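First the structure, in the form of structure tokens, and then the observations on it.
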Amino acid sequence: MAPSTGTAEARAAEPQGEAAHFERTVARDQRIEPRDWMPDAYRATMVRQIAQHAHSEIIGMQPEGVWITRAPSLRRKAILLAKVQDEAGHGLYLYSAAETLGADRSELTAKLISGRQKYSSIFNYPTLTFADVGVIGWLVDGAAICNQVPLCRSSYGPYARAMIRICKEESFHQRQGYELLMTLMRGTDAQREMVQDAVNRWWWPSLMMFGPPDADSTHTAQSMAWKIKRHTNDELRQRFVDMSVPQADALGVTLPDPDLRWNAERGHHDFGEIDWSELKRVISGDGPCNAERVAVRRAAHEDGAWVREAAAAHAAKQEAR
Ligand SMILES: [Fe+2]
Ligand SMILES: [Fe+2]
């Protein structure tokens, strides 16, 4: 039951109508559901955000997926296989959430493979060694958790509920990455160097995962007002840095930032300037692997055409019976 917000007279005096219902629901921290009225711009923002998230999960299978056949043991292969499969599941979950807003899944896929919709910039970097699998789990899934835990309280119900399960799986991903790195750090000098090299390459792109600085973020203010987003990009980035520093210490790796230090006055770590021109370049399609990622996704979609046709034919046959 909805919590009471005051006397019957006060409630009667509240503005009525669909728009007022939407505003009240958001103000009370309750959830907007698919059948509720919502402003067109809210719907468009949700579709854009959920689609971009779904695309990121699906494209995100590629950098790690290429290591499944080369994982160094059966145990590592099984873990990596499970992790990559989880990401596929996250993508499907999220496409379903977008469908509750009236979006068409095949249209979203068409937009992804034609470059009209984005996915997270982080997946446009290559995975050069098996240590990258560990660092992606630790830093990339770690950053994803920072971003996504607050989304469990997002104002759009189906998205918020999907995030609960997704976050549980992401925390498994983060731990498996950290455990893999711990194992490598207990190994040979060459293995330790491999980990440090991977950390050097992934640290800055991980910080960019939180998006542009608040001052340049076009969507933040409206998304915060609608409670789609609960914290700003810079707040989440700071949280991630503060969380990662002691983890790097425990691991015995150096984060590649000479300006990284504890600031007792702020109660947070200060860190160096991010190269925003790199983020812009990668987002605009000119990162190291953008073309490859989209080409692989497009080929997979085309190769899967017969499966979609067969499923549709089967469904039509069932219906005719
Ligand atoms: Fe995921
Ligand atoms: Fe993940």
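For the sequence shown, counting from 1, position 235 maps to 235 in full-length UniProt numbering; every step adds exactly one. Built from N, CA and C at the ideal position, the CB exists for glycine as well. None of the values given here were measured: they were computed from a predicted structure.
Closest by C-alpha distance to residue 225, out of 24, 16, 17, is 24. Those residues that have a beta carbon less than 5 Å away from any non-hydrogen atom of ligand 2 are, in order along the chain, 141, 170, 173.
For residue 131, the closest C-alpha among the options 80, 244, 120 is that of 80.
By the neighbour-count criterion, in which a residue is buried when 16 or more other Cβ atoms sit within 10 angstroms of its Cβ, residue 34 is exposed. A distance criterion of 7 Å places the beta-carbon of residue 79 beyond contact range of ligand 1, judged by its closest non-hydrogen atom.
The closest heavy atom of ligand 1 lies less than 7 Å from the beta carbon of residue 166. The three-state secondary structure of residue 32, taken from DSSP, is strand. Residue 231 carries a coil assignment under DSSP once its states are collapsed to helix, strand and coil.
Nearest to residue 297 by C-alpha distance, out of 41, 36, 57, is 57. With three or more CB-CB distances shorter than 8 Å, the region 46 to 65 counts as touching the region 120 to 127. Collapsing the DSSP output to three states places residue 90 in a helix. Look at residue 37 here: in three-state DSSP terms it is coil, with no helix or strand label. Secondary structure remark: continuous alpha helix (DSSP H) runs of at least 4 residues inside the region 138 to 219, in chain order: 141 to 148, 157 to 185, 189 to 208.
Between the beta-carbon of residue 163 and that of residue 148 there is about 6 Å, and that keeps the pair under the 8 Å contact cut.
In the three-state DSSP reduction, residue 262 falls in the strand class (E or B). DSSP places residue 303 within a helical segment (H, G or I) once states are collapsed to three. The beta-bridge partner set that DSSP reports for residue 270 consists of 261. Taking 7 Å as the cut-off, the C-beta of residue 86 counts as close to a heavy atom of ligand 1. In terms of Cβ geometry, residue 53 and residue 112 do not form a close pair [threshold 8 Å].
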